[in-house]
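In my numbering, the protein residues as written are -3 to 92.
Heads up, the beta-carbon is just placed ideally off N, CA and C, and yes, glycines get one too.
Report on the following structure.
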């Protein structure tokens, strides 16, 4: 399992954990297994951290790699590549 990001609530009582299984397969099953074991995970975290409260753990799929693929495909588009190149030419000449 890859943990892509952890977002803490402002009061540090909730940790939203974005995860993805290796290979990207079985996301639903992985999140179900993590959620089923969240009390044990929370107990282990509480032992290692110096917080007043151990955070409640919430698991969500990490879509970072999907967004990266979308961005890569966008930059491969001819129109976008031409616009980026034109923007770089403007930056080289100092034009806006």
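- Counting along the chain, residue 28 sits inside the alpha helix (DSSP H) bounded by residues 23 to 32.
- Where residue 57 is concerned, the enclosing beta strand (DSSP E) starts and stops at 52 to 57.
- The alpha carbon of residue 19 has as its nearest neighbour, out of 44, 12 and -2, the alpha carbon of -2.
- Contact between residue 58 and residue 15 holds: CB atoms are separated by about 6 Å, below the 8 Å threshold.
- Under DSSP, residue 2 shares a beta bridge with 13.
- With a beta-carbon spacing of about 14 Å, residue 17 and residue 31 fall beyond the 8 Å limit used to define contacts.
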